[in-house]
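Written out below as structure tokens is the structure these notes cover.
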Amino acid sequence: MKDSAIQKITEDLLPQKFGKQGKIWVAFLSVLCIIGFIAYCRQLSKGLVVTGMRDYVSWGIYISNFVFFVAISLVGSLITAVLRLTNAEWSTPLTRIAEIIAVSAITFASLIIIVDMGRPDRFYNLFIHGRLQSPIIWDVIVITTYFFISLLLLYFPLLPDLQILLRFKERTNKRLYWLYGFLGSFWKDTPQQIKISRRAVNILSITIIPVAFSIHTVTSWLFATTYRPGWDSTNFGAYFISGAFLVGAGAVIVAMYVFRSHYNLERYITYSHFDKMGKILVMLALLYLYFNVNEFLVPAFKMKKSEEDHLMGLFTGEFAPVFWFAICTAMIIPILILVNRKGRRPLPAFIAGLLVVVGSWFKRYLIVTPTLLHPFLPMHDVPESYKHYFPTWEEWAIAIGSLAGAMLIITIFARIFPIIPIHETITETEQHEKE
Amino acid sequence: MKKNSYKSILIALLLLGMMATAAIAQDGDKKDLMLSASYFNSNNQTQYLVAHTKCKIDGKFLPIPAIEVSFYITNDSAESHLLGKAVTNDKGEAPLMIPASAQSEWVKSVKQTFVVVSKATKVFDQTKASTDVVKAKLKIDTTADKKINVMVLELKDTGWTPVKGVDLKVAIKRMGGDLNVGETQTYTTDSTGSISADFKRDSLPGDLNGNLTLIAKVEDNDTYGNLTVEELVPWGAKMEYVSKFDRRTLFARRGHSPIWLELLAYSIIGVVWIILVYLVGQIRKIKTLGME
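Residue numbers (our numbering), protein chains in the order written: chain A, 11 to 445; chain B, 2 to 293.
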């Protein structure tokens, strides 16, 4: 491979300084984060009474957001591990996008759980008094493990790129240069180092799959092990995992489109990538639709008296607009868009991905809240307001702030590190040329 | 002229008809309340009355709650005969203990009349009902060989006299209801006013000392009302409380999870984290190789 071609790939994929749009985007996300932080400070000083959560709905949009973050983080295992292990080389430019989405999502999944606690200063009690029998403890363990694996999976393939970045001292500010040096100055691209790194990535790719399945299965068990209408289901683990892969794949398509158009990466993230990811998304949407049919059709067919209010609330009642919106935007419309070849072009695929992400957020809201409003044993003599739930501005601000925070991490990461692996791209191009 | 007078008569008749219809309709708005009273003598100690209200709605007899009922002894002609007032609950029942202040009226006769009067509401008119009872009591005796003798006694001028031909039940009090002591559902008193029953419920769980509560009862008797008597007998199996607090179960406290769960969970965590520690070691190895 010619040096000029290598030079071209390197130049194209080096992290770029924020332009005007980038600065506005970062400022916008920062403002959302600050508003969220202010709202959280209010919640800390006044307590959870500033939220709309009461005795009925004790898990509101914070937990919906948590489930959403955990779901979206699964994309790391899908793109990096599943596609890598199946030798789908076309996925190489997407691996780092997927991994940083996973890391940022899992970071905010952990934070939002603390936000949901009325007394975060008592967080340590979870470790002191936690019971191994509780799915909450399993969730804490598995989230920590998944976060660590995702970090390693992000770090190992980054090592050769850090060496490349260190070559461009003149284009890097001091602090960034120090960071690159700290993280990867020891990488000399020796055969031994490459061998160790490849083996480590393979081990991680195998390890992350069961851990990823565990993380979302355990999250689903937080609900399914509780005897309530809508949660009392043996289908929940598979239902959650299929939904998680769907939203994760949708998020990757959105990120692919944004990075491609913003950093002019058309040569690296091609129509073919959108086509393939579009097909994957259709398959995942159909799978999730299948689980949804199972999840709702069977209880609706039986229509047990104790579950009737909950189900009818979703189908035709107060939650019906959100329910049908989520079903249409997260599954039906994306399938209709992406099932056509033209629909798998970048822009329509981006729109489909965006619909999946938005619809999936509302789907998580519907999993958490309506069930809590319809307990098997209703409470007596509670104020009427307890029987309804609408998040307060503090909850919205914190939830939106956390989403903005996750996007800010991805944005800053793309500013500091190459969002498409440079070294792997060069190596694969060389291999293709040899073939 | 003749034609006009016919018209006037016709209009007058129509108006009259309309007024009559309206009057009937107003009367028709009120429903018939069915009121009744029952007398209870519990364990020869506590006497109380229960008023029952119901009404036929859509072809079904339904209990009527929130009806205020006044209870009188002997008759309702004097305010001094008022025993008290109560309001019916969701089951259409309003209980009232007979107060000690009614004693002077109570001791006047061996028979007693109680009157209940419901207060008029928008839906129901004032309604009155009464019940007559002859004062009676139950006496229960048990033997060591688990035989139960119950006697029904009626108060006569000469004193307590056994009564023949009264139906009664003998049972054991349980949490969800009463359990008959044997196969026989109902016993009828003989010429001595007694019945005899055998206890055939061996190994029935009792309290910590193995005690069971026997109950004999006369229910809805036209003459005597409802009578009960109870006795504690040591015929049950002793209940032994076994604490499950320290057992290893899924619902136990911290540190008491089942062994299989601990083995499974710690093995998985151990294997995964050993791999991760190994990989961190590999980073160190890569670093060492780069420094050479």
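All C-beta atoms, glycine included, are put in the ideal place defined by N, C-alpha and C.
Counting along the chain, B:A79 sits inside no beta strand (DSSP E), nor does DSSP assign it H or E at all.
Closer than 7 Å to the CB of A:A234 there is not a single CB belonging to chain B. Counting C-beta atoms within 10 angstroms of its own C-beta, A:H320 has 16 or more neighbours from the protein chains shown and is therefore classed as buried. The beta carbon of A:W69 is closer than 7 Å to those of V378, L382 in its chain, skipping five residues each way along the sequence. With a cutoff of 7 Å on beta-carbon distance, A:I408 and A:Y50 are scored as near each other. Comparing alpha carbon positions, the residue from A:Y187, A:L376, A:I422 closest to A:F400 is A:L376. Beyond the five residues adjoining it in sequence on each side, A:A15 comes within less than 6 Å, by CB distance, of no other residue in the same chain.
By the criterion of a C-beta distance shorter than 6 Å, A:S215 is surrounded in its chain by A91, R94, L95, once the five residues flanking it on both sides are discounted.
Interface flag for A:Q202 against chain B is set, since a Cβ pair is found closer than 7 Å. Around the beta carbon of A:P393, fewer than 16 other beta carbons sit within 10 angstroms, so the residue counts as exposed. For secondary structure counted as the beta strand (DSSP E) over 3 or more consecutive residues, the stretch 407-433 of chain A holds no complete run. Proximity to B:G282 across A:G260, A:A210, A:T217 peaks at A:A210, based on C-alpha coordinates. Per the coordinates, the alpha-carbon of A:V152 lies some 7 Å from the alpha-carbon of A:V221.
For the options A:K315, A:S195, A:I138, A:W371, the alpha carbon positioned closest to that of A:F335 is the one of A:W371. Among the residues of chain A, those whose CB is under 8 Å from the CB of B:S258 are R141, L142, Q143, following chain order.
Of all residues in the stretch 186-213 of chain A, only F196, W197, K198, T200, Q202, Q203, I206, S207, A210, I213 come within less than 7 Å of chain B when Cβ atoms are compared, listed by chain position. Residue state for B:S258 is assigned as coil, using DSSP reduced to three classes. At a cut-off of 7 Å between beta carbons, B:M292 contacts chain A. Each residue's CA atom was taken as its position, placing B:T47 and B:I58 some 35 Å apart.
Linking A:D65 to A:T117 through their CA atoms gives a straight-line distance of about 28 Å. Secondary structure at A:N212: helix, using DSSP grouped into helix, strand and coil. Looking at B:L63, B:V273, B:G211, B:D221, the one whose alpha-carbon comes closest to that of B:K32 is B:L63.
Contact annotation: B:A137 and B:Y225 have beta-carbon atoms nearer than 7 Å.
Around the beta-carbon of A:E109, 16 or more other beta-carbon atoms lie within 10 Å, marking it buried.
Secondary structure at B:G207: coil, using DSSP grouped into helix, strand and coil. Contact between A:S230 and A:F255 is absent: CB atoms are separated by about 13 Å, not below the 8 Å threshold. Within its own chain, the residues whose Cβ lies closer than 8 Å to the Cβ of A:V36, once the five positions on either side in sequence are excluded, are F28, L418, T421, I422, listed in chain order. At a C-beta separation below 7 Å, B:V273 has these neighbours in chain A: T155, T217, V221. Among the residues facing chain A, B:L280 is included, as its CB has a counterpart in that chain under 7 Å away. By a beta-carbon distance limit of 8 Å, A:I251 does not contact A:M287. Their separation comes to about 19 Å. B:G237 is classed as buried because its beta carbon has at least 16 other beta carbons within 10 Å across all chains shown.
Look at the stretch 157-170 of chain A: the residues with a C-beta under 9 Å from a C-beta of chain B are F158, I159, L162, Y165, F166, L169. When beta bridges are read from the DSSP output, B:K61 appears opposite B:I58. As for any beta strand (DSSP E) of minimum length 3 sitting wholly inside the stretch 152-218 of chain B, the runs are 160-163, 168-174, 179-181, 195-199, ordered along the chain. Residue state for A:E443 is assigned as helix, using DSSP reduced to three classes. Approximately 7 Å separates the beta-carbon atoms of B:V230 and B:K140; this is inside 8 Å, confirming the contact.
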